[in-house]
Amino acid sequence: MKSIYEFLKQNTDEKGYVKDGCVSLPDAGDMSLSEDEIWVPGAYEGILLRSDFAIKQYSIVNFHISRVIKRHMKNPTDKNFEKMCRTLFKYAAISIADPVLSFLSTSDKEKMRNTALEIIYKTDRREVLKMGIALLGQSGKEEDADILKVLGSHEEFTLYAVVAVKNVLKDANDFILELLEHLNGWGKISAVYELDYDKEESRFYVLTKGCKNSIGLSYLSNVCAIKGKMANALEKALEDNENVNELYLGACDIFTGLLEMHPQNDTISEYPDAERAAKAFHRIITEKNLSTRDEREKEIIAKLREYRYLSKY
C-alpha cells in the first residue's frame, strides 16, 4: 500500500492542492462502518471538539508514546519506526497530540523534523499521519509549507495542517485563505477558526465566503458574524456602497445559519450585535439597488422580526 501522502500528491492540481478534498483514503478498509454509515472527512475531530465530551488524558500512556517517538528520533531504525507507527496507530491523534508534544517539547527539533517527515512520507495510516503533521508543526521549516498544503487540502487532515503551518510560517494567514478556497466541509470549518481576524482580508472573506460549507451554515455563522464584525461591515456598506452585494449575499448565509437554532451551535441569541446587523441588513435590502437577490431574504426578515431583532412593520 502506498503512503497516504504519496496518494494525495498524485491527486493534486497544478497549484499543489488535492483535487478532491474528500477523496477516500487508502486505509479506508480499516474503518469499522455499518451499512448505513458513511465516512465524512474531518467529522470525528469536528464533532468531538464541539461536544461536551471530555477527552480523557492518561499521563502514563502519553509519556509512553512520547518515549517510543523519542527512541526513534535518537536512533532512527526500521525496527524503531515500525514500533512507533504501531503504537501511534492504537490511538486517535486528537486524543494524544497535545500531551505527547508537551512531553517532547525539549527534544532536538531537527531530529523531530526528520521523524515527522519520515512518518508523513511513509505511513499509510491516517491517525499516524496526523501525529506526523503535529510533530512537523513543532519542528518544521518554511519549506515544509508545500507538504502541509497537500495534506491540508484534504479535509481529514486540515485541522492538523493549519495548526502546524501557523508554527512553520511567520505569517500563515495568506496560506490559510488560499487553502480555504479548496475546502468545503469539516476542513473548512476548522480552518476558518485559525484565521488572523486583525486583518481586513480575513474579515472580508468570512463575511462573503466563509460561512458557506457542506456540513451546515450554523457551524460557522456565529464566528463569521462576530470575528468578521458583520454589523460594522453592513453599516459601512450602507454609507459607501463598497462590496454591498457581496456582503448582502454573505449575510444571507450567516443569518440563515444564526436563525437555524441548532441545538449544539451558537445561534443568533449568542451574537451580541444581532440587532445592529439586522437593521443594517434590512436597510440594505430596502435602500440599495442590488444586482443579485437571495431567495431566502424574505424568510430571514420574517424570522428577525419574529425574534424581535427588527420591529414588526
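Here our numbering is used: the first residue of the sequence shown is -14, the next is one more, and so on. Positions of the beta carbon are idealized from the N, C-alpha and C atoms, including for glycine.
Measure how close the beta-carbons of L219 and I269 come, nearest whole angstrom, since I'm counting them as under 8 Å.
Distance from L219 to I269 at the Cβ level is roughly 6 Å; contact confirmed, criterion being Cβ atoms closer than 8 Å.
Buried versus exposed call for Q123 [16 or more other C-beta atoms within 10 Å across all chains shown]
Under this definition Q123 is a buried residue.
Using a Cβ cut-off of 9 Å (strictly closer), state whether K184 contacts chain B.
This model lacks chain B altogether, as it is built from one protein chain only.
If we count the other Cβ atoms within 10 Å of its Cβ and call it buried at 16 or more, is Y48 buried or exposed?
Per the sequence shown, the amino acid found at residue 48 is Phe instead of Tyr. By the 10 Å Cβ count, F48 comes out exposed.
For the candidate residues K96, D279, E231, I253, whose alpha-carbon lies nearest to that of R312?
The requested residue 312 is not part of the displayed model; the chain covers only -14 to 298.
Take the Cβ of S138 as the centre, count every other Cβ of all protein chains shown within 10 Å, and call the residue buried at 16 or more, exposed below.
Label assigned to S138: buried.
Tell me the residue span of the alpha helix (DSSP H) that contains V229.
First-last of the alpha helix (DSSP H) with V229: 229 to 243.
At what residues does the alpha helix (DSSP H) containing H57 begin and finish?
Counting along the chain, H57 sits inside the alpha helix (DSSP H) bounded by residues 44 to 59.
So which of N226, L202, L232 has the shortest CA-CA distance to G213?
Per the C-alpha coordinates, the member of N226, L202, L232 positioned closest to G213 is L232.
Please classify E95 as buried or exposed, where buried requires at least 16 other C-beta atoms within 10 Å of its C-beta.
By the 10 Å Cβ count, E95 comes out exposed.
Taking the alpha carbon of N250 as the point to measure from, which residue in L34, S9, T(-3) has its own alpha carbon closest?
It is L34 whose Cα lies nearest to the Cα of N250.
Rounded to the nearest angstrom, what separates Y2 and N207 at their Cα positions?
In this model, Y2 and N207 are separated by some 28 Å (Cα to Cα).
Given that a residue counts as buried once 16 or more other Cβ atoms are within 10 Å of its Cβ, and exposed if not, what is I54?
By the neighbour-count criterion, in which 16 or more other beta carbons inside 10 Å mark a residue as buried, I54 falls on the buried side.
Residue of E166, G172, S9, L136 minimising C-alpha distance to E30
A check of alpha carbon separations from E30 across E166, G172, S9, L136 identifies G172 as the nearest.
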